[in-house]
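Student: For the sequence shown, the working numbering begins at 23 and goes up steadily by one. Here a beta-carbon is modelled for each residue, glycine too, at the ideal position from N, C-alpha and C. Quantities reported herein were computed from a predicted structural model and do not represent experimental measurements.
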Amino acid sequence: MPNASEQAFPFPLLIGDIGGTNARFALLADAHSEPRQLAPVKTGDFETIEAALQRSLPDQRSSRPRSAILALAGPIQGDEVPLTNADWVIRPKDMLASLGLEDVLLINDFEAQALAVAAPADEDLVQIGGGSILSRSSRVVLGPGTGLGVAGMVFAQNSWIPVPGEGGHVDIGPSTERDFRIWPFLEPIEGRMAREQILCGRGIMNLYRAVCAADGIDPTLKDQAEVTTAALSGADSPAAESLSLFCTYLGRVAGDMALIFMARGGVFLAGGITQKILPALMQPEFRAAFEEKAPHSSLMRTIATFAVVHPMAALSGLAAFARKPGEFGVATEGRRWRS
23 MPNASEQAFP FPLLIGDIGG TNARFALLAD AHSEPRQLAP VKTGDFETIE
73 AALQRSLPDQ RSSRPRSAIL ALAGPIQGDE VPLTNADWVI RPKDMLASLG
123 LEDVLLINDF EAQALAVAAP ADEDLVQIGG GSILSRSSRV VLGPGTGLGV
173 AGMVFAQNSW IPVPGEGGHV DIGPSTERDF RIWPFLEPIE GRMAREQILC
223 GRGIMNLYRA VCAADGIDPT LKDQAEVTTA ALSGADSPAA ESLSLFCTYL
273 GRVAGDMALI FMARGGVFLA GGITQKILPA LMQPEFRAAF EEKAPHSSLM
323 RTIATFAVVH PMAALSGLAA FARKPGEFGV ATEGRRWRS
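Next comes the structure, spelled out in structure tokens:
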């Protein structure tokens with residue numbers, strides 16, 4: 023008896039990457055087709071995912087999806103799944119009824135990113151620093167966005183097995199003298215400093231305001247886009263330091279995850295922020311922080327780090343799984359609904 027992950031999904035099939043701010047969808051006509059992207063939507067513009075899809079899906083009956091595989095920013099438990107950083111609550115039973123679907127699978131959004139790095143194309147990656155990929159070895163994907171997503175990818179029993187989690191909510195602390203000056207001015211969440219409070223879009227602003235406060239100056243930049251732009255252009259010293267520290271802290275966290283998974287298959291930085299700050303990530307700070315893991319610094323130097331530059335990497339990973347689910351050990355128990 024094959025397990026659920028080995029059973030084919032009925033086509034046409036809807037795939038979706040639903041984050042805290044944006045939701046991106048595409049349709050797969052069959053197992054041999056390329057995804058046909060639908061217009062992206064802002065989660066804040068619609069009360070429910072059903073409303074968003076009713077607007078986005080094609081009217082032709084032959085093109086309407088029979089199944090859906092959706093990647094969500096948040097843990098998946100029960101028949102009602104709230105997003106961590108948005109107001110949508112995903113109710114698969116409602117989707118089966120209102121959208122005429124036969125089959126719905128929900129997975130974590132960075133699980134989808136992990137699926138995308140099982141066999142990435144060279145043109146979809148930019149290597150940061152040294153190291154090399156050891157084939158069929160564990161991998162890690164992480165990326166700052168509305169929050170901080172983290173997932174592992176393990177190869178076992180001839181399958182790639184994505185390991186979802188909530189690694190963005192693990193504590194992070196100061197290490198250097200400068201960190202200890204800045205840390206008292208960082209805004210915690212419910213009394214604790216999680217990685218996501220620094221390593222995401224709002225985290226860039228949190229860090230920028232703390233740098234300014236530590237130096238006794240007034241912050242003049244209004245949002246993360248202004249901070250990033252000013253930092254990359256060298257037009258604002260606090261912004262430049264904030265982005266440099268952001269890369270340093272991201273390197274530390276990436277190195278931590280590489281050690282946890284022994285990620286000799288590589289560490290992959292995904293998401294829009296990664297692509298926007300790539301020039302800063304290519305500077306020495308990220309890679310130096312990644313490798314600075316005594317007594318294992320020599321090991322860390324052998325592990326490759328990459329920026330994922332595919333514009334729709336999560337959808338690419340979902341499409342790969344939808345075409346050949348038997349090649350991936352995706353856990354489906356409690357996450358798959360059928361009519």
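Work out the CA separation of G339 and V331 for me, nearest whole Å.
Tutor: Roughly 14 Å separates the two Cα atoms.
Student: Could you tell me the boundaries of the beta strand (DSSP E) in which P184 lies?
Tutor: Element bounds for P184: S181 to P186.
Student: May I have the straight-line CA-CA distance separating C222 from L121, to the nearest angstrom?
Tutor: Approximately 33 Å, taken between the alpha carbons.
Student: I'd like to confirm the pairing. Which residues does DSSP put opposite A136 in its beta bridges?
Tutor: According to DSSP, which records beta bridges pairwise, A136 is partnered with nothing at all.
Student: Could you say if the region 305-312 and the region 96-113 meet the contact criterion of at least three C-beta pairs nearer than 8 Å?
Tutor: Segments in contact, no.
Student: Tell me, which residues are paired with P104 by DSSP?
Tutor: Partner(s): V111.
Student: Spatial neighbours of G96 within its chain, please: C-beta separation below 7 Å, excluding the five flanking residues on both sides.
Tutor: Cβ within range, chain order: V103, P104, L105 and T106.
Student: What does I37 pair with, by DSSP beta-bridge criteria?
Tutor: The partner list for I37 (beta bridge, DSSP) reads A48 and I91.
Student: Are the beta-carbon atoms of I37 and L50 separated by less than 9 Å?
Tutor: For I37 and L50, yes; Cβs fall inside 9 Å.
Student: Along the chain, where does the beta strand (DSSP E) that runs through D144 open and close?
Tutor: D144 -> no beta strand (DSSP E), and no H or E assigned at all.
Student: Could you give the first and the last residue of the continuous beta strand (DSSP E) run that contains V162?
Tutor: That run of the beta strand (DSSP E) goes R161 to P166.
Student: So, at 6 Å on beta carbons, what are the nonlocal neighbours of I211 in its own chain, with the 5 sequence-adjacent residues on each side left out?
Tutor: Correct list, in chain order: Q219.
Student: Run through the region 297-360 for me and flag every whole alpha helix (DSSP H) of 4 or more residues, listed as ranges in chain order.
Tutor: If we require 4 residues or more, the alpha helix (DSSP H) runs fully inside the region 297-360 come out as 300-303, 306-313, 319-322 and 335-345.
Student: By the three-class DSSP mapping on this structure, what secondary structure does A285 have?
Tutor: It is coil, neither helix nor strand.
Student: Please report the distance separating the alpha-carbon of A26 from that of W359.
Tutor: Bear in mind that a pLDDT of 42 at A26, under 50, signals an unreliable position, so the number given afterwards is only what the model happens to contain. Cα to Cα, the separation comes out at about 11 Å.
Student: Are there 16 or more other CB atoms within 10 angstroms of the CB of F290, so buried, or fewer, so exposed?
Tutor: Result: buried.
Student: Would E72 and W182 qualify as a contact pair, given that the criterion is a beta-carbon distance under 9 Å?
Tutor: No.
Student: Can you tell me the Cα-Cα spacing of G152 and E124, whole angstroms?
Tutor: So the alpha carbons of these two residues sit roughly 47 Å apart.
Student: Starting from the N-terminal side, write out each stretch of the alpha helix (DSSP H) that is 4 residues or longer and does not extend beyond the region 219-293.
Tutor: The qualifying runs are 223-236, 246-255 and 259-283.
Student: May I have the straight-line CA-CA distance separating Q76 from E69, to the nearest angstrom?
Tutor: One C-alpha to the other measures close to 12 Å.
Student: Where does S154 fall in DSSP's three states?
Tutor: Strand.
Student: Might you give, ordered along the chain, the residues of its own chain that have their beta carbon closer than 7 Å to the beta carbon of S320, omitting 5 neighbours on each side?
Tutor: Nothing listed; no residue qualifies.
Student: In the DSSP assignment, what are the bridge partners of R77?
Tutor: R77 pairs with nothing; no bridge assigned.
Student: Which partner residues of Q59 appear in the DSSP bridge assignment?
Tutor: A48, per the DSSP bridge assignment.
Student: For N180 and R158, what's the separation of their Cα atoms in angstroms?
Tutor: In a straight line, the C-alpha of N180 is about 9 Å away from that of R158.
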